[in-house]
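Here is the structure we will look at, set down as structure tokens.
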Amino acid sequence: MRLTDEQEQLRSAVRAVLTKHQDAAAWAPLTGQIGAAGLAVPEEHGGLGGGARDVHVLMEELGRCLSPVPYLGSAVLTSGALLATGDRAALGRLLPGLAEGTAVGALAWAEGGSWDGAAIRAAAVPRRGGGWLISGVKEHVLDWPDIDVLLVAARTAAGISLFEVAPGAAGVRREPVVTMDSTRAQARWVLADAEGRLVGADGDGGRCLERVRDLACAALAAEQAGAAGRCLEITVAHTRDRVQFGRPIGSFQAVKHRLADAYVLVESARSAALGAACAADTAPEALPRAAAVAKSVCSEAFSAVAGEMIQLHGGIGITWEHDAHRYFKRAHGAGELFGAPAHHRARLAAGLGLTAH
Numbered sequence: 265m266r267l268t269d270e271q272e273q274l275r276s277a278v279r280a281v282l283t284k285h286q287d288a289a290a291w292a293p294l295t296g297q298i299g300a301a302g303l304a305v306p307e308e309h310g311g312l313g314g315g316a317r318d319v320h321v322l323m324e325e326l327g328r329c330l331s332p333v334p335y336l337g338s339a340v341l342t343s344g345a346l347l348a349t350g351d352r353a354a355l356g357r358l359l360p361g362l363a364e365g366t367a368v369g370a371l372a373w374a375e376g377g378s379w380d381g382a383a384i385r386a387a388a389v390p391r392r393g394g395g396w397l398i399s400g401v402k403e404h405v406l407d408w409p410d411i412d413v414l415l416v417a418a419r420t421a422a423g424i425s426l427f428e429v430a431p432g433a434a435g436v437r438r439e440p441v442v443t444m445d446s447t448r449a450q451a452r453w454v455l456a457d458a459e460g461r462l463v464g465a466d467g468d469g470g471r472c473l474e475r476v477r478d479l480a481c482a483a484l485a486a487e488q489a490g491a492a493g494r495c496l497e498i499t500v501a502h503t504r505d506r507v508q509f510g511r512p513i514g515s516f517q518a519v520k521h522r523l524a525d526a527y528v529l530v531e532s533a534r535s536a537a538l539g540a541a542c543a544a545d546t547a548p549e550a551l552p553r554a555a556a557v558a559k560s561v562c563s564e565a566f567s568a569v570a571g572e573m574i575q576l577h578g579g580i581g582i583t584w585e586h587d588a589h590r591y592f593k594r595a596h597g598a599g600e601l602f603g604a605p606a607h608h609r610a611r612l613a614a615g616l617g618l619t620a621h
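Position one of the sequence shown corresponds to residue 265 (this note's numbering), numbered consecutively onward.
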């Protein structure tokens, strides 16, 4: 579980861009100069042919600065779903633009606050003359001002399937939602007899979404680990500079213990996240378990360390001007994304054949 020299160079390049561009403007140089959007896309479709560990490095850096760029929603979810379908026509038509970053995608998947396939109620019925008509409501869709590729999970007579839907077509409405975490936009998509094109095999969408869920959990865990590490860095620097009773507050034993506990949480999160990325690259059969572990561990670690950041900063930690509240809100928002820690522990238990009594 070691990163290569090339991956460390990738980290340096990404950090340099994000240091210079700390808002949505970072998307253009990330995609144009580094090729970030196509990191995990095969070369035949315009990508760099990298793997989950490359994505891990990028997501850690995005997490450090709470970057709002659409990498998770477009490059991980949308591109990942397309690749999982194996639909060569759709891959050839949609992936090059996504890999270049000239197009941004969204995967409309969750319903009722759940990312489980069993929760999908959106329905797709064959249209006379060809194509499909889709109706339903999709929630918690990762958003961006201009969505070019919209994939929708809907249920057909054969099961869950994936459909390409034109974002601005008749019967398609996007409703931006107000979230606690203002650094990650979400939208609600309402479809009423919207025209859709089947992507992949009819009824194969459930399998594709399970694969995407695991890759998304691994990527999000890396983001959470990076953000938790940054919280700790900021807090340690503050405890060195803040003087009380004539000495830095970081010299008090009680504060040292809290910082040490936070350090253990951060390192545990880093290990769990990297473990999931390694599983995705080298042992795909182990990915579901590794991704569930990473999502659970990293969600709770980030929430705990972000909370300590606010506590150890004292009064300034609860002001709007300080970044502490932004990390705290991202921690809680990311903790629920793709399922809360308890959900993934239940998945682990089920996979191990354990049941509650």
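For every residue, glycine included, the Cβ atom is placed at its ideal position computed from N, Cα and C.
Can you pull the DSSP bridge partners for residue i?
{"i": "Ala439", "result": "The residue asked about is misnamed: residue 439 is Glu in this sequence, not Ala. Beta-bridge pairing links Glu439 to Arg452."}
{"i": "Ile424", "result": "Arg419"}
{"i": "Leu414", "result": "Ala370, Val429"}
{"i": "Trp396", "result": "Pro390, Gly460"}
{"i": "Arg275", "result": "Note: Arg275 sits in no beta bridge, so no partner."}
{"i": "Pro512", "result": "Val507"}
{"i": "Glu375", "result": "Ser378"}
{"i": "Lys402", "result": "Trp453"}
Going along the chain, which residues of its own chain have a beta-carbon closer than 6 Å to the beta-carbon of residue i, five neighbours each way excluded?
{"i": "Gly313", "result": "Pro306, Glu307"}
{"i": "Pro624", "result": "Outside the shown range of the chain (265 to 621) lies residue 624, about which nothing can therefore be said."}
{"i": "Ile298", "result": "Ala277"}
{"i": "Val405", "result": "Ala370, Ala372, Ala451, Trp453"}
{"i": "Gly395", "result": "Glu459"}
{"i": "Lys284", "result": "none"}
{"i": "Pro431", "result": "Ile411, Leu414"}
{"i": "Ala550", "result": "Ala543"}
{"i": "His586", "result": "Ile580"}
{"i": "Ala386", "result": "Gly400, Ala418"}
{"i": "Asp478", "result": "Leu551, Pro552, Ala555"}
{"i": "Ala568", "result": "Leu529"}
{"i": "Ala492", "result": "Val530, Ala533, Ala565, Phe566, Val569"}
Assuming contact is defined by CB atoms lying nearer than 9 Å, are residue i and residue j in contact in what I supplied?
{"i": "Ala417", "j": "Leu426", "result": "yes"}
{"i": "Ala631", "j": "Ile513", "result": "Any question about residue 631 goes unanswered here, given that the chain covers just 265 to 621."}
{"i": "Gly579", "j": "Met573", "result": "no"}
{"i": "Arg437", "j": "Ala456", "result": "yes"}
{"i": "Thr503", "j": "Val528", "result": "no"}
{"i": "Ala570", "j": "Phe602", "result": "no"}
{"i": "Ala547", "j": "Ala482", "result": "no"}
{"i": "Gly365", "j": "Gly315", "result": "no"}
{"i": "Gly539", "j": "Gly470", "result": "no"}
{"i": "Cys237", "j": "Leu484", "result": "Any answer about residue 237 is impossible in this case: the structure gives the chain only from 265 up to 621."}
{"i": "Val476", "j": "Leu341", "result": "yes"}
{"i": "Glu439", "j": "Gly400", "result": "no"}
{"i": "Gly615", "j": "Arg534", "result": "no"}
{"i": "Arg594", "j": "Arg448", "result": "yes"}
{"i": "Gly381", "j": "Glu474", "result": "yes"}
{"i": "Phe566", "j": "Ala501", "result": "no"}
For residue i, which residues in the same chain have their Cβ closer than 7 Å to its Cβ, ignoring the five residues on either side in sequence?
{"i": "Arg609", "result": "Ser560"}
{"i": "Ala354", "result": "Leu346, Glu428, Val463"}
{"i": "Asp351", "result": "Val463, Gly464"}
{"i": "Val389", "result": "Trp396, Leu397"}
What does the alpha-carbon distance come out to for the pair residue i and residue j?
{"i": "Cys472", "j": "Glu531", "result": "31 Å"}
{"i": "Arg452", "j": "Ser331", "result": "21 Å"}
{"i": "Val319", "j": "Glu325", "result": "10 Å"}
{"i": "Arg494", "j": "Arg328", "result": "5 Å"}
{"i": "Thr295", "j": "Val429", "result": "24 Å"}
{"i": "Gln286", "j": "Thr420", "result": "43 Å"}
{"i": "Trp379", "j": "Val507", "result": "47 Å"}
{"i": "Arg357", "j": "Ile398", "result": "21 Å"}
{"i": "Leu359", "j": "Ser338", "result": "10 Å"}
{"i": "Arg266", "j": "Val321", "result": "11 Å"}
{"i": "Thr268", "j": "His607", "result": "33 Å"}
{"i": "Gly510", "j": "Leu523", "result": "20 Å"}
{"i": "Asp525", "j": "Ala290", "result": "33 Å"}
{"i": "Val557", "j": "Gly377", "result": "21 Å"}
{"i": "His596", "j": "Leu496", "result": "17 Å"}
{"i": "Glu564", "j": "Arg391", "result": "46 Å"}
{"i": "Ala363", "j": "Ala292", "result": "12 Å"}
{"i": "Asp468", "j": "Met444", "result": "34 Å"}
{"i": "Ala541", "j": "Ala304", "result": "12 Å"}
{"i": "Gly311", "j": "Thr583", "result": "42 Å"}
{"i": "Leu274", "j": "Leu282", "result": "12 Å"}
{"i": "Ala537", "j": "Thr349", "result": "25 Å"}
{"i": "Glu403", "j": "Leu618", "result": "31 Å"}
{"i": "Gly435", "j": "Glu600", "result": "29 Å"}
Could you check whether the Cβ of residue i sits closer than 8 Å to any heavy atom belonging to the ligand GTP?
{"i": "Met444", "result": "Within the structure as shown, the ligand GTP is missing, as the structure has no ligands at all."}
Grab me the residues of residue i's own chain with a C-beta within less than 8 Å of its C-beta, minus the 5 sequence neighbours each way, in chain order.
{"i": "Glu487", "result": "Met323, Glu324, Leu326, Gly327, Leu336, Ala598"}
{"i": "Asp505", "result": "Pro512"}
{"i": "Gln271", "result": "Arg317, Asp318, Val321"}
{"i": "His521", "result": "none"}
Report yes or no: is there a C-beta of chain D within less than 9 Å of the C-beta of residue i?
{"i": "Gly597", "result": "Among the chains in the structure shown there is no chain D, since it carries only a single protein chain."}
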